[in-house]
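What follows is a single structure, written as structure tokens, with notes after it.
Residue numbers (the numbering used here): 3 to 310.
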């Protein structure tokens with residue numbers, strides 16, 4: 003189901019508002035990665051596509067990440083496109099009027115899902131993605147190219163959402179319910195650096211993403227977490243070398259979802275039991291009124307048509 007073809011080039015004016023910040027500063031905590039060799043997007047996709055994977059997420063400060071990064075295996079490579087190693091992402095999450103996707107996650111239902119568009123701002127490309135849960139807690143990502151100027155609408159991609167959610171990969175309450183009404187609920191922005199870790203002992207390679215400049219917007223309210231980093235390891239099954247480095251430095255996986263945790267931080271009335279610890283420890287900055295509506299065209303940052 004995963005679609006890995008390159009998105010068609012957007013018309014020059016289609017996403018003009020989306021390239022804001024595309025040439026932003028290099029990733030602070032990852033500055034020490036300059037000595038590592040680069041890897042192209044095609045190479046990364048060929049060696050560690052991992053559309054079905056086990057994800058482990060860590061939330062820590064940029065300063066705390068320096069130690070683990072300094073200890074990386076010298077064979078680690080950094081995604082590099084046109085001389086850049088950090089890229090801006092903008093995602094618009096869709097949910098039903100009663101927030102079915104959110105509540106399935108909040109109540110830890112095994113067959114939960116997310117629907118979003120993801121805009122890669124450096125390459126001016128957009129994808130429509132539906133994420134579901136696979137066996138043993140794995141994440142399965144289904145994706146198809148989407149129009150850049152429709153990042154806040156499902157439009158012609160609605161058939162794809164219905165096709166994925168109509169199967170047996172989602173909660174039985176939703177299966178076979180193509181009439182679900184979806185609307186944009188939350189927008190996220192961040193900058194990402196992606197690492198490729200060679201496989202160990204004959205195992206396939208794995209990926210690690212490092213997200214900074216995190217920001218969320220919903221209902222005219224904005225929340226940013228300066229100095230906070232979300233590290234996500236994406237492996238086939240076993241822990242990666244980065245997982246072990248983080249553990250050695252005292253960091254353990256945290257429960258965080260850019261959609262659900264961000265929405266809970268912006269709306270304290272929502273049930274948020276799975277993310278309460280993360281919210282208390284890391285989401286301590288009060289939201290502020292947003293300068294622009296959340297559900298307008300997808301936000302700005304910096305990114306590639308990567309498959310990470």
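Every residue gets a Cβ at the ideal spot worked out from N, C-alpha and C, and that includes glycine. A quick note: this is a predicted structure, and the numbers were derived from the prediction, not measured.
Presumed contact (8 Å Cβ cut-off) between residue 233 and residue 248, rounded CB distance: Residue 233 sits at position 231 when you count from the first residue of the chain shown. Residue 248 sits at position 246 when you count from the first residue of the chain shown. That belief holds up - the Cβ atoms of residue 233 and residue 248 are roughly 7 Å apart, short of 8 Å.
Beta-carbon proximity check, residue 94 vs residue 189, cutoff 7 Å: Residue 94 sits at position 92 when you count from the first residue of the chain shown. Residue 189 sits at position 187 when you count from the first residue of the chain shown. Yes, Cβ-Cβ distance for residue 94 and residue 189 is below 7 Å.
Buried or exposed (CB count within 10 angstroms, at least 16 for buried), residue 215: Position 213 of the chain shown, counting from 1, holds the residue named residue 215. Per the 10 Å Cβ criterion, buried.
Cβ-Cβ distance between residue 38 and residue 78 below 7 Å: Against the chain shown, residue 38 aligns to sequence position 36. Against the chain shown, residue 78 aligns to sequence position 76. Yes, they are a contact pair.
Close-in-space but distant-in-sequence residues of the same chain around residue 61 (CB under 7 Å, 5 per side omitted): By one-based count along the chain shown, residue 61 stands at place 59. Closer than 7 Å at Cβ, skipping near neighbours: 230, 232, 256, 258, 280, 284.
Contact under 7 Å by Cβ, residue 80 with residue 197: The residue you call residue 80 lines up with position 78 of the chain shown. The residue you call residue 197 lines up with position 195 of the chain shown. Against a cut-off of 7 Å, the Cβ pair of residue 197 and residue 80 comes out as a contact.
Residue 35 - containing beta strand (DSSP E), residue span: Sequence index remark: in the chain shown, residue 35 carries index 33 (1-based). Annotation: residue 35 is outside any beta strand (DSSP E) and is labelled neither H nor E by DSSP.
Straight-line Cα distance separating residue 220 from residue 291: For this step, residue 291 is matched to residue 289 along the chain shown. For this step, residue 220 is matched to residue 218 along the chain shown. Cα-Cα distance, rounded: 10 Å.
Per DSSP, cross-strand counterpart(s) of residue 65: In the chain shown, the residue the question calls residue 65 occupies position 63. Partner(s): none; residue 65 has no beta bridge.
Cβ pair count under 8 Å reaching 3, the stretch 118 to 132 against the stretch 146 to 158: yes
Residue environment, residue 202, which counts as buried when at least 16 other CB atoms sit within 10 Å: One-based indexing of the chain shown puts residue 202 at position 200. Exposed, since its Cβ has fewer than 16 Cβ neighbours within 10 Å.
Whether residue 268 touches residue 225 by CB criterion (7 Å): As a working mapping, residue 268 is identified with position 266 in the chain shown. As a working mapping, residue 225 is identified with position 223 in the chain shown. In contact: residue 268 and residue 225 (Cβ atoms closer than 7 Å).
Buried versus exposed, by CB contacts within 10 Å (16 or more), residue 70: Working through the chain shown from its first residue, we reach residue 70 at position 68. So residue 70 counts as buried.
CA-to-CA distance, residue 140 to residue 253, given in whole angstroms: Within the chain shown, residue 253 is the residue found at index 251, counting from 1. Within the chain shown, residue 140 is the residue found at index 138, counting from 1. One C-alpha to the other measures close to 21 Å.
Closest Cα partner of residue 42 within the set 118, 36, 86: Here residue 42 refers to the residue found at position 40 when the chain shown is read from its first residue. For the residues 118, 36, 86, the minimum Cα distance to residue 42 belongs to 86.
N- and C-terminal bounds of the beta strand (DSSP E) containing residue 90: Counting from one through the chain shown, the residue named residue 90 turns up at place 88. That run of the beta strand (DSSP E) goes 89 to 97.
The alpha helix (DSSP H) enclosing residue 280, as first and last residue numbers: Residue numbering aside, residue 280 sits at position 278 when the chain shown is read from its first letter. Run containing residue 280: 278 to 284, per the alpha helix (DSSP H) assignment.
Residue environment, residue 289, which counts as buried when at least 16 other CB atoms sit within 10 Å: Translated into positions along the chain shown, residue 289 becomes position 287. When all chains shown are included, residue 289 counts as buried.
Extent of the continuous alpha helix (DSSP H) to which residue 103 belongs: What you label residue 103 is simply residue 101 of the chain shown in a count that begins at 1. Element bounds for residue 103: 102 to 108.
Three-state secondary structure assigned by DSSP to residue 209: Position 207 of the chain shown, counting from 1, holds the residue named residue 209. Three-state DSSP puts residue 209 in a strand.
Cβ neighbour criterion (16 or more within 10 Å) applied to residue 237: Position 235 of the chain shown, counted from the start, is the residue given in the question as residue 237. Looking at its Cβ environment, which holds 16 or more other Cβ atoms inside 10 Å, residue 237 is buried.
Residues of its chain near residue 293, where Cβ-Cβ distance is below 6 Å and the 5 sequence neighbours each way are ignored: Along the chain shown, read from residue 1 onward, the residue named residue 293 stands at position 291. Closer than 6 Å at Cβ, skipping near neighbours: no residue.
Distance between beta carbons of residue 208 and residue 153, contact taken as under 8 Å: As a working mapping, residue 153 is identified with position 151 in the chain shown. As a working mapping, residue 208 is identified with position 206 in the chain shown. That pair is no contact at about 29 Å.
Residue 58 versus residue 151 - alpha carbon distance: Working through the chain shown from its first residue, we reach residue 58 at position 56. Working through the chain shown from its first residue, we reach residue 151 at position 149. Looking at the two C-alpha atoms, the distance is approximately 32 Å.
Helix, strand or coil at residue 23 [DSSP, three-state]: For the purposes of this step, residue 23 is identified with residue 21 of the chain shown, where counting begins at 1. Low local confidence applies: a pLDDT of 36 at residue 23 is under 50, so the model's placement there is unreliable, and no value is given.
Residues sharing a beta bridge with residue 57, DSSP: As a working mapping, residue 57 is identified with position 55 in the chain shown. In the DSSP output, where bridge partners are listed per residue, residue 57 has 236.
Residue 162 in three-state terms, based on DSSP: Taking the first residue of the chain shown as position 1, residue 162 is located at position 160. Residue state, collapsed to three classes: helix.
Opposing strand residues paired with residue 133 [DSSP bridges]: For the purposes of this step, residue 133 is taken as the residue at position 131 of the chain shown. Paired residues: 116, 143.
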